[in-house]
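Chains as they are written, first to last, in the working numbering: chain A, 1 to 342; chain B, 343 to 751.
Everything below concerns the one structure shown next.
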Amino acid sequence: MKHKTFFWFILPSLAAMFVFIAMPLVSVVVQSLHVEHEQIMVVTENCGPFGCTEQTSVDAEATAKLREEKPLGRFNGLGTYFDRGHLATSEVAAAWQARSSLGDFFSRLYNLPLYKAIAFTLTYTFLVTPLVIGLGLMIALGVNRVTPALKGPTIFVSLLPMIVTPLIGSLILFWMIDAQGIIGKTLQWIFDDPDLSLKASPTLTWITLFVYGVWHSAPFAFVVFYAGLQSVSHETLEAARIDGASRWQQVRYVVIPHLMPLAIFISLIQLMDNFRVFEPIIGFSAEANAPSLSIIVYNDLKGDVIRFNSAAATSVLTVIGVTILLAPVLLRTWRDFKGKVV
Amino acid sequence: MFLKHTMLASGLVLMATSAHAGCGLSGGNVNVLGNEFGAIQAIVAKAKECAGDGVTVEANLTADHRDIQVAALTANPAQYTSAIVANSSIVPLLNDDLVRPLDDLIAKHGQDLQSNQLITIDGKVMAVAFMANAQHLFYRADLLEQAGVEPPTTYDDVLAAAEAVRAAGIMDHPFAMNTKTGWNLGEEFVNMYIGTGADFFVPGTAEVAINNENGIAALNMLKSLMDYSNPDFLTYDSNATQALWEGGQLALATLWGSRGGGILDAEGSSEEVVAATVLAAAPTLNGDTPASTLWWDGFTIAKNISDEDAEATFVALVQGLGDDVIQANNDEAVWLSAAYAPGPASAGVAATAQAGASPYPMLPFMGLLHTALGAELTDFLQGNESAEQALTDVEAAYTTAAREQGFLQ
Numbered sequence: 001m002k003h004k005t006f007f008w009f010i011l012p013s014l015a016a017m018f019v020f021i022a023m024p025l026v027s028v029v030v031q032s033l034h035v036e037h038e039q040i041m042v043v044t045e046n047c048g049p050f051g052c053t054e055q056t057s058v059d060a061e062a063t064a065k066l067r068e069e070k071p072l073g074r075f076n077g078l079g080t081y082f083d084r085g086h087l088a089t090s091e092v093a094a095a096w097q098a099r100s101s102l103g104d105f106f107s108r109l110y111n112l113p114l115y116k117a118i119a120f121t122l123t124y125t126f127l128v129t130p131l132v133i134g135l136g137l138m139i140a141l142g143v144n145r146v147t148p149a150l151k152g153p154t155i156f157v158s159l160l161p162m163i164v165t166p167l168i169g170s171l172i173l174f175w176m177i178d179a180q181g182i183i184g185k186t187l188q189w190i191f192d193d194p195d196l197s198l199k200a201s202p203t204l205t206w207i208t209l210f211v212y213g214v215w216h217s218a219p220f221a222f223v224v225f226y227a228g229l230q231s232v233s234h235e236t237l238e239a240a241r242i243d244g245a246s247r248w249q250q251v252r253y254v255v256i257p258h259l260m261p262l263a264i265f266i267s268l269i270q271l272m273d274n275f276r277v278f279e280p281i282i283g284f285s286a287e288a289n290a291p292s293l294s295i296i297v298y299n300d301l302k303g304d305v306i307r308f309n310s311a312a313a314t315s316v317l318t319v320i321g322v323t324i325l326l327a328p329v330l331l332r333t334w335r336d337f338k339g340k341v342v
Numbered sequence: 343m344f345l346k347h348t349m350l351a352s353g354l355v356l357m358a359t360s361a362h363a364g365c366g367l368s369g370g371n372v373n374v375l376g377n378e379f380g381a382i383q384a385i386v387a388k389a390k391e392c393a394g395d396g397v398t399v400e401a402n403l404t405a406d407h408r409d410i411q412v413a414a415l416t417a418n419p420a421q422y423t424s425a426i427v428a429n430s431s432i433v434p435l436l437n438d439d440l441v442r443p444l445d446d447l448i449a450k451h452g453q454d455l456q457s458n459q460l461i462t463i464d465g466k467v468m469a470v471a472f473m474a475n476a477q478h479l480f481y482r483a484d485l486l487e488q489a490g491v492e493p494p495t496t497y498d499d500v501l502a503a504a505e506a507v508r509a510a511g512i513m514d515h516p517f518a519m520n521t522k523t524g525w526n527l528g529e530e531f532v533n534m535y536i537g538t539g540a541d542f543f544v545p546g547t548a549e550v551a552i553n554n555e556n557g558i559a560a561l562n563m564l565k566s567l568m569d570y571s572n573p574d575f576l577t578y579d580s581n582a583t584q585a586l587w588e589g590g591q592l593a594l595a596t597l598w599g600s601r602g603g604g605i606l607d608a609e610g611s612s613e614e615v616v617a618a619t620v621l622a623a624a625p626t627l628n629g630d631t632p633a634s635t636l637w638w639d640g641f642t643i644a645k646n647i648s649d650e651d652a653e654a655t656f657v658a659l660v661q662g663l664g665d666d667v668i669q670a671n672n673d674e675a676v677w678l679s680a681a682y683a684p685g686p687a688s689a690g691v692a693a694t695a696q697a698g699a700s701p702y703p704m705l706p707f708m709g710l711l712h713t714a715l716g717a718e719l720t721d722f723l724q725g726n727e728s729a730e731q732a733l734t735d736v737e738a739a740y741t742t743a744a745r746e747q748g749f750l751q
C-alpha cells in the first residue's frame, strides 16, 4: 500500500485514538500533578435533631474564589507520586533504616497500601497468565480430538465461564464458597475443619481469586488456540508420525511451535487484563486481603471526599506498570518483525 | 358519535385529575436524587403526586447516590433539584456550596415542619431532616435466657453474654456487626471511639487525634468482639448481617436501626427468631454514653436551579412528608414527625438517642478519616499488627489525604 493511501486509511482510527486515548491520558497526568486548594475554614454553630454544636466548616465562598482563579488547584509536581498513598519514598527509606532483617523490611513494605496492592497484582498476573495459557492449550487439544457430533456442545460448555459476566460469576462463586455454601461446606468436610473459611484467611482468598481468574480466562485462550489448531499442517504431522513421533512429541515439536505466535498474543492480552484485576475482588469482597491497583483507584473515587489527584497518580503508575510488563513481549515481536523484513 | 362521547368523557377525567395535581404550583421541574430504601421511596412516591399542570416530578433513587451527587449538582443548571443526604453526605455539598439556604421557602411553605427537623449551619437552614438512624444492639431474648445472662448494656456485658452463649453450646459465633472492609468497618470504629467521649480531631483544626489510649481501647474492644464473630467478618455488610440474624445464626448483634423494620416483619425469618428479637440501646464502652453515632436523613435543594424549580421541589417534598405518608409507613423508619407512633422497630434508635449518643461529626474532613479507618484497620483485626501500629497507619493515611485536599498544611 502506498504511504499516502495508508495514511488516509488509518486517519479515522488515529483521530479516534487521539481523542479517546491520548487526550484522557494527558488529562490524567495533568491532574496527578495538582492537589486541591488550601481550604479556608470557619467555625460555625450547627443545629439539628440532636442539638447544637460548634463545628468547623469550609468557607465555601472563599474557597470557590480560589478555585475560580486556578481551576486545576495547586501545582504539586510529583509530590503525590511520592506520598504515603503511592510510592511512599520516605516511608520505604525509614523501613530500610529500621529493618532488623530482609523479611522485616518486606513486612514493613507490605504495610503500605501501594506495595500491598502491587504484591497481590503481580502475583495474580504472573500466576494466572501462564496457567490460563496452559489450561487453554489443554482444553483446545482435548476438544480437537472429540468426535465431530459432540464438538459443538463441548465448545459451548467450555466457553461458558467467559460468557458469564465477571461480577456475576464471582458473586455466584462467593456464595458457593461461603461457610454455609456448597463448596465451603464440602471443603470443611474434606479437611475435617469446621472453622475453615475461604474468605477469612489471606492465603485462601488469594488462591480463590487465582482459581477464579484461571476459570474465567481459560476459555479465551482455548478459543484462540482452537482456531490455531485448525491450521496445523497435516503433512507435517503425518511425517512426524511416520518418523515414529509419539503423541506428546507431535504436540511438542509440531503443534506448539505452530501456535507460538498465538501464545504471545494471548500473553499480551492476559498480562494487560490481569494487571488491572478488579471485578473478582469486588465480587469476592476480598479488598481486605487482596487489594489491587484498580481497587486503590476505585476507593479514591468513592466516598464522601473524592480524591481525583490521588486516583490519577495511581492510574499513571498502573499505565507505567503495564508498559514495563509488556515491554519484553513487545520487544520480541518487534525483533521478529524486523527479522522478517530483512 | 360513540367516539365523541368517549373523548368527552376522558377529557372530563383528565380535567378532574389535573385539579388535584400541581400541589398548588404554577409550574416547575422536580428531580430528586437519593438513597434507595423504603422510607425515601414512600416520600418520593407521594411527591410524585404533585406532577401535572406544568409540574414534572422525577427521581433517581440509588445506593450509589453519594458518588454522583457532587458532579450532578455542580452542573449549571444542576441535574437534580434535590439531593437526599445524611449527616456525612451533606458535607461535600456544603464544602462546594452546592445547596441553597431554605429559610425563605420554610417561611412560605414549611409551617408543618418541626424545629428539630431543620439542619441549621451558621444560622441558615441547609437541609430538612425527616428520619433518624443509629446502630444499636439487637439481641435474642430466648437465647440469652437459655444461657442465663441478663441483656447487656455495656460492651463488656456483650462479651460476657457472648461467652455464656458459646459456653452453653448454643452457637460458636453468637455476635456480628457490620465489619466489611471499607466504610462499614470505619463506622464501627467511629461508633466505638465516640463511646470513649474523646474528640476525633484537635479542636479547631483538621489534625487527627485518635492515636491515643482511647483509640487503643476502641480497637481492642472491636478485636475482642470479633473473637465471637464468624471468621468471615471482614465481608459483613448490612445485607449479610441481616440475613444472618434472620437465619437465626446470631444471639447478639450491633446493626442499623433502619434494619429493624425488615427484621421484625413477617418476611425472611422464622417466627421463633422474630418473636424473641429485642431492639435495645447501643451498648456503652465505659458505662457512660452509648458507643454509637446518631444519623439523620434529610433533603437539600440544589443551588444551581431556578427559584421556580426550587419552590416546586420544596413543596413536593414537604407534601411527601405529609402525615398520611408517615402513618402509612410508620415502621419503615424513625420519623422526625408528630404523626409518628414509635413501635418496637424504633425502640433501639429512640433508646440510643435518649441515652445521650452523639451525632456523627459533620466535619469537612471526617470523610477522609472514615476512609482511612476503613482501609487500615483490617490488619489489626486479623491479628497481623498491633493496635498502636494500626492507629499510626490511620493517622499517616489520613494526614496524606488531608494535605492533598488542602485541609492540612
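We put the beta carbon where it would ideally sit given N, CA and C, even for glycine.
Assigned with DSSP and collapsed to three states, B/Asp-395 falls in coil, not helix or strand. Judged by pairs of C-beta atoms under 8 angstroms, the region 589 to 599 of chain B does not touch the region 210 to 229 of chain A, as fewer than three such pairs exist.
Between the alpha carbons of A/Cys-47 and B/Val-500 lies a distance of about 33 angstroms.
Fewer than three Cβ pairs drawn from the region 544 to 555 of chain B and the region 491 to 511 of chain B lie within less than 8 angstroms of each other, which leaves the two stretches out of contact. Per the coordinates, the alpha-carbon of A/Asp-336 lies some 12 angstroms from the alpha-carbon of A/Ile-264.
Membership of A/Val-211 in the alpha helix (DSSP H) is indicated by the continuous run 202 to 229. Just so you know, the alpha carbons of B/Gly-539 and A/Thr-125 end up roughly 47 angstroms apart. For chain A, the residues of the region 632 to 657 of chain B that bring a beta carbon within less than 8 angstroms of one of its beta carbons are Leu-636, Trp-638, in chain order. Against chain A, a Cβ distance below 7 angstroms from B/Ala-623 picks out nothing, because the smallest value is about 15 angstroms. Contact annotation: in the region 404 to 428 of chain B, residues whose CB is within less than 8 angstroms of a CB in chain A are Arg-408, Asp-409, Val-412.
DSSP places A/Thr-53 inside the beta strand (DSSP E), whose first and last residues are 51 to 58. Taking a beta-carbon distance threshold of 9 angstroms, A/Gly-303 counts as an interface residue toward chain B.
By the 16-neighbour rule on beta-carbons within 10 angstroms, A/Val-319 is exposed. Between the alpha carbons of B/Ser-368 and B/Gln-661 lies a gap of roughly 16 angstroms. Residue environment analysis places A/Trp-189 among the exposed positions, since fewer than 16 neighbouring C-beta atoms fall within 10 angstroms of its C-beta. Using a 10 angstroms sphere on the CB of A/Tyr-212, the tally of other CB atoms reaches 16 or more, which defines it as buried. Shown here, A/Ser-292 sits in coil according to DSSP, grouped into three states, outside any helix or strand.
By the neighbour-count criterion, in which a residue is buried when 16 or more other Cβ atoms sit within 10 angstroms of its Cβ, B/Tyr-578 is buried. Against chain B, the beta carbon of A/Thr-121 has no neighbour under 8 angstroms; the closest one sits roughly 16 angstroms away. One thing to note: A/Thr-63 has its Cβ within 9 angstroms of the Cβ of A/Gln-39. Contact with chain B is absent for A/Arg-252, since none of that chain's Cβ atoms lies less than 9 angstroms from the residue's Cβ. Inter-residue distance for A/Ser-233 and A/Leu-293 is about 43 angstroms (C-alpha atoms, whole angstroms).
DSSP assignment within the region 426 to 490 of chain B yields the following whole beta strand (DSSP E) runs of 3 residues or more, N-terminal first: 460 to 463, 466 to 482. Not a single C-beta of chain A is nearer than 9 angstroms to the C-beta of B/Thr-398.
Residues of the region 69 to 92 of chain A with a C-beta less than 7 angstroms from any C-beta of chain B: Thr-80, Asp-83, Arg-84, Gly-85, listed in chain order. By a beta-carbon distance limit of 8 angstroms, A/Thr-154 does not contact A/Val-164. Their separation comes to about 17 angstroms.
Within chain A, Gly-48, Pro-49 have C-beta atoms less than 9 angstroms from the C-beta of B/Gln-459, given in sequence order. Pairing B/Thr-631 with A/Phe-50, the inter-Cα distance amounts to about 14 angstroms. Approximately 11 angstroms separates the beta-carbon atoms of B/Ile-463 and A/Thr-56; this is outside 8 angstroms, ruling out the contact. For the region 183 to 200 of chain A, residues whose beta-carbon sits nearer than 7 angstroms to a beta-carbon of chain B comprise Asp-195, Ser-197, Lys-199, Ala-200.
Under DSSP, B/Ala-401 forms a beta bridge with B/Val-374. Annotation for B/Phe-641: the continuous beta strand (DSSP E) segment containing it runs 635 to 643. Runs of the alpha helix (DSSP H) lying entirely within the region 251 to 301 of chain A and spanning at least 4 residues, in chain order: 256 to 275, 279 to 283, 293 to 301. Taking C-beta separations shorter than 6 angstroms and ignoring five residues to either side along the sequence, the partners of B/Phe-707 in its chain run Ala-548, Ala-744, Phe-749, following chain order. In the DSSP assignment, the residues bridged to A/Thr-44 are A/Gln-55. When only Cα atoms are considered, B/Thr-496 and B/Pro-625 end up about 4 angstroms apart.
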